[in-house]
Amino acid sequence: MLAKRIIPCLDIKSGRVVKGIHFKNLRDAGDPVETAAAYSREGADELVFLDITATLEKRKTMMKLAKAVASKIFIPFTVGGGITSVGDIKAVLESGADKISINTAAVKNPKLISEGADRFGSQCIVVAIDAKRTVHRKRTLNHSLRSGSGQEWEVYINAGTTPAGIDAVKWAKEVERLGAGEIMLTSMDCDGTKEGYDIELNRAISEAVNIPVIASGGAGTLNHMYKVVKDGKADAVLAASIFHYGIFKIKQVKQYLHKKKVAVRL
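For the sequence shown, the positions run 1030 to 1295 when the numbering used here is used.
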């Protein structure tokens, strides 16, 4: 059994780590390089850096930060935000990142996934999916529902500001077909709430694809992390607030999961 990974997420705005609720009301959470180094020492399996306003501001992602982080840590890390071309992917990877994350660019230009995978390998290409629950609909009116509860989820782009009109489960299958090596799945409904991950969403996506799924959005307790890997079938858990503000240490999460018979790297 592959070990489940614990991944702190650092949302970056104006060179600082920030965190909000439902992608809004952002507040400062520290220096990204110092924070990354601390998480590396604490035993994080990987890190994710997301330049959350790069796409909205139509600018490229943070190459200097990637280089600074690469010089301080010795664990894999992913960089996302403002990556729109194969050239951007190359530049980020050459700056020291192990993987890149694309969301809006992948939706607007799905060929970027396959081109990136062909050029650099699927293991370098993470597709981020920001998904939000739609209203309940009668099955007789919509035969494409993927969840037994009668729920479906819509993909959002542009830092969660724009509905893309795409079913999240269908999109997950498509990004796998195009060559993505991993999916970073964020529930917009749960993001920053500390009320738990969207178990149904994570299970629906995890059961639909054969590539790893990173669960994101809603971690508030140790049991939330256990539930999303056990019931949501996620391959990794990503969290921000509980780590940034010292609610839990990475070691605590791993020890808790280990006691629950979940394979982790201690």
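Ideal Cβ positions, reconstructed from N, Cα and C, are used throughout, including at glycine.
With 16 as the cutoff for other CB atoms within 10 Å, does residue 1128 come out buried or exposed? In the sequence shown, counting from the first residue as 1, residue 1128 sits at position 99. It is buried - the Cβ of residue 1128 has at least 16 other Cβ atoms within 10 Å.
Please classify residue 1063: does DSSP put it in a helix, a strand, or coil? In the sequence shown, residue 1063 corresponds to position 34, counting from 1. Note: residue 1063 maps to helix in three-state DSSP.
Is the beta carbon of residue 1371 less than 9 angstroms from the beta carbon of residue 1105? Residue numbering for the chain in the displayed model covers 1030 to 1295; residue 1371 lies beyond these limits and cannot be assessed.
Closest residue to residue 1130 among 1147, 1080 and 1292 (Cα-Cα distance): As a working note, residue 1130 is residue 101 in the sequence shown. Among 1147, 1080 and 1292, the Cα nearest to that of residue 1130 is on 1080.
Count the C-beta pairs between the region 1236–1255 and the region 1280–1289 that are closer than 8 angstroms, then say yes if the count reaches three, no if not. Touching, yes.
How far does the alpha helix (DSSP H) with residue 1031 in it reach, from first residue to last? Numbered from its first residue, the sequence shown carries residue 1031 at position 2. Annotation: residue 1031 is outside any alpha helix (DSSP H) and is labelled neither H nor E by DSSP.
Secondary structure of residue 1191, DSSP reduced to three states: Working through the sequence shown from its first residue, we reach residue 1191 at position 162. Residue state, collapsed to three classes: strand.
Would you please verify whether the beta carbon of residue 1249 is less than 9 angstroms from any beta carbon of chain D? No chain D is part of this structure, which consists of one protein chain only.
If we count Cβ pairs, one from each stretch, closer than 8 angstroms, do we get three or more for the region 1147–1157 versus the region 1107–1116? Taking one beta carbon from each stretch, the region 1147–1157 and the region 1107–1116 have 3 or more pairs nearer than 8 angstroms; the two touch.
Could you check how far apart the C-beta atoms of residue 1181 and residue 1196 are, in whole angstroms? I think they sit under 8 angstroms. Within the sequence shown, numbered from 1, the residue matching residue 1181 stands at position 152. Within the sequence shown, numbered from 1, the residue matching residue 1196 stands at position 167. Contact holds; Cβ gap of about 6 angstroms.
CA-CA distance, residue 1175 and residue 1204? Locating residue 1175 in the sequence shown gives position 146, where the first residue counts as 1. Locating residue 1204 in the sequence shown gives position 175, where the first residue counts as 1. At residue 1175 the pLDDT is 38, less than 50, meaning the model places this residue with poor confidence; the figure from the coordinates comes in the next sentence. Rounded to whole angstroms, residue 1175 to residue 1204 spans 17 angstroms at the Cα level.
According to the neighbour-count rule (16 or more other Cβ atoms, all chains shown, within 10 Å of its Cβ), is residue 979 buried or exposed? Since the displayed the chain opens at 1030 and closes at 1295, residue 979 lies outside it and no answer follows.
Which of the three DSSP states is assigned to residue 1078 in this structure? Locating residue 1078 in the sequence shown gives position 49, counting from the first residue. The answer is strand: DSSP assigns residue 1078 an E or B state.
What residues in its chain sit with their C-beta under 7 angstroms from that of residue 1278, if we drop five residues either side in the sequence? Translated into positions along the sequence shown, residue 1278 becomes position 249. Contacts found: 1071.
Can you give the beta carbon distance from residue 1231 to residue 1263, rounded, assuming they're within the 8 angstroms contact cut? Numbered from its first residue, the sequence shown carries residue 1231 at position 202. Numbered from its first residue, the sequence shown carries residue 1263 at position 234. Right, the Cβ-Cβ distance comes to about 5 angstroms (below 8 angstroms), so this counts as a contact.
CB of residue 1209 within 9 angstroms of CB of residue 1160, strictly: As a first step, residue 1209 must be located in the sequence shown, where it is residue number 180. As a first step, residue 1160 must be located in the sequence shown, where it is residue number 131. If you check the CB distance, residue 1209 and residue 1160 do not come in under 9 angstroms.
Is it the case that the Cβ atoms of residue 1266 and residue 1237 are separated by a distance below 9 angstroms? Reading the sequence shown from its first residue, position 237 is the one you call residue 1266. Reading the sequence shown from its first residue, position 208 is the one you call residue 1237. Contact flag unset, no.
Distance between beta carbons of residue 1258 and residue 1291, contact taken as under 8 angstroms: Translated into the one-based positions of the sequence shown, residue 1291 becomes position 262. Translated into the one-based positions of the sequence shown, residue 1258 becomes position 229. So it is a contact: roughly 6 angstroms between Cβ atoms.
Secondary structure at residue 1294, three-state DSSP: helix, strand or coil? On the sequence shown, position 265 is the one that residue 1294 refers to. Of the three classes helix, strand and coil, the one that applies to residue 1294 here is coil, per DSSP.
Would residue 1098 and residue 1116 be called neighbours here (beta carbons separated by less than 9 angstroms)? Start at 1 with the first residue of the sequence shown, and residue 1098 comes out as number 69. Start at 1 with the first residue of the sequence shown, and residue 1116 comes out as number 87. No; because the gap between Cβ atoms is not below 9 angstroms, this pair is not in contact.
Take residue 1280 as the anchor and find which of 1096, 1068, 1261 and 1031 has the nearest alpha-carbon. Counted from its first residue, the sequence shown places residue 1280 at position 251. Measuring from the Cα of residue 1280, the nearest candidate turns out to be 1068.
When you compare each of 1035, 1183, 1163 and 1151 to residue 1206 by their alpha carbons, which one comes out closest? Position 177 of the sequence shown, counted from the first residue, corresponds to residue 1206. The shortest Cα separation from residue 1206 among 1035, 1183, 1163 and 1151 belongs to 1151.
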